[in-house]
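Sequential numbering of the sequence shown, starting at 3, is according to the numbering used here.
Backbone N, C-alpha and C fix where the C-beta goes; we use that ideal spot for every residue, glycine too.
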Amino acid sequence: MLSGRYGNYCSSYSLHILDFIVLSLTIPGFTEEYLFPNSNRMPKSKAEKAKKQEKPPNGIDTPPLEPVDEAELTSEPAKDAENGDKSFSKVLSEIQKINITMTERFDGLEASLATAQASLMSICGRLQEVENASSDHNHCLSLVEKTCLKLQADNEALRLKVLDLEGRSRWQNFKIVGLPEKIENGLMVEFLFFPKLLGADNFDKPLDIDRAHRLGGRTPGERDHPRVTIAWIHSVQVREKILQLAREQFPLNYNGKAIHIFPDIPTEVVKQRQVFQGVRKRLMDAGARCSFYYPARLRVTHGSMVKVFSTPREAEEFLGTIQEGSD
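Okay, structure coming up:
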C-alpha cells in the first residue's frame, strides 16, 4: 500500500475518477442513450416530434401526418447506443491506462521514499551517536578542566616551596663582583681579603669560609670583566656582618679595583625586588634608608619610623607623606 503524502495523492486521484463518472451519469440523455441502449424508449427529440403531430397547435385542425417508419425510429437509437458503448469503452480504457501509469509512478515514488526514509533513519542514528559522544566529551572536558585547575594550584604551591628552599640554600652565600682574576692564586677559600677590605678591627676571629669559587667555566681575557666570585660563609651572623659593613663603607676598593658585595638570592626574587627600584630610589633621595626582607618586602627607615611594604603602591603612598611633611 502507498503511505504518506503519495498515498494521499493516489486516493485523491481515485476520487477524481469517481467524480468524473458521476458527472457523466448526470448529463442529460447520457444514461438513456449510452448506458441503456436496449431500452424501448424513444429519443426525446423524436417523441416530442410525434407528440406535436398528435395535438394541433392552438386547437386548429391540421391535415393528418404521414406515418412514421418504425425501422427508421429504431435504427437511429441503435447507432447512438453503439457509438455510446464505444465511447464509454474508450473512456474506461483510457482511465485504466492512466491508473496503470500512475500506479507504476507511485510504486517508483514509494520505493524512492522508502530508500530516503532508510537513509534518514541512518542519519538520525548517526546523529544520535554524535550527540551522545559530544555529551561524553563535554563530561570528560569538565573533568580535565577540574584536574588542570587542581594541578595548577599544586604546581604554584610546589613552585613557592622550591623558591623558598632555593633561597634558604643560598642564605649563607654572597657574591663578590670586581675581584681581579688569579689574585687568589688558585686558593679562593684561603684568600682572606675581607679584614683588609672592611677593616681587621671589625672581626674578632678569623673568618670561616666553607666554599668559594668563581662563576663561569672559561678564564676571561685581560680586557674582559673578571668573573663573579661566590662564597659560602660558615656563620650566618658573619655573613650578615660582612653585608652590613659593605653597605656602610660603600664604595669599596681593593688594590685600586672597585669591589661590590651582594647577597646571593634566586633570580625570581631579584625580579620581584626590581619592581621597587623606582620608588626605592626616590625614598633614598628623600633621606630614607631602604633594605629588603626576604623574599621581596621593602623595609624603609625614615627618622624614627620603620615601615615594611609588600607592594610599590604602598611605598608610593608613604613617600607622599614624607614629601608633604618636608613641605
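Query                                                                                                            : Result
Close-in-space but distant-in-sequence residues of the same chain around H141 (CB under 8 Å, 5 per side omitted) : none
L300 to N134 span [Cα, whole Å]                                                                                  : 57 Å
Cβ-based burial, I244 [other Cβ within 10 Å; buried from 16]                                                     : buried
C-beta contact flag for I211 and I235 at 8 Å                                                                     : yes
Residue of E186, S312 and L247 minimising C-alpha distance to V271                                               : S312
Any alpha helix (DSSP H) of 4 or more consecutive residues that is wholly inside the stretch 150-225             : 196-200
Coarse secondary structure for H227, derived from DSSP in three states                                           : coil
The stretch 320-328 touching the stretch 281-299, judged by at least three CB pairs closer than 8 Å              : yes
Buried/exposed call for V310, threshold 16 Cβ in 10 Å                                                            : exposed
Reduced DSSP category for N255 - H, G, I as helix; E, B as strand; rest coil                                     : strand
Cβ-Cβ distance between V238 and W173 below 8 Å                                                                   : yes
Cβ neighbour criterion (16 or more within 10 Å) applied to P253                                                  : exposed
Local Cβ density within 10 Å of V281, reported as buried at 16 or more and exposed below that                    : buried
Supposed close pair I232, G180 - CB separation, criterion 8 Å                                                    : The Cβ separation is near 14 Å, so there is no contact.
CA-to-CA distance, T105 to A116, given in whole angstroms                                                        : 16 Å
Limits of the alpha helix (DSSP H) - the one that S293 falls within                                              : First-last for S293: R291 to Y295, but that is the beta strand (DSSP E), not the alpha helix (DSSP H).
Status (buried if at least 16 other CB within 10 Å, exposed otherwise) for V164                                  : exposed
Range of the contiguous beta strand (DSSP E) that encloses T303                                                  : R299 to H304
Collapsed DSSP secondary structure at H236 in the structure displayed                                            : coil
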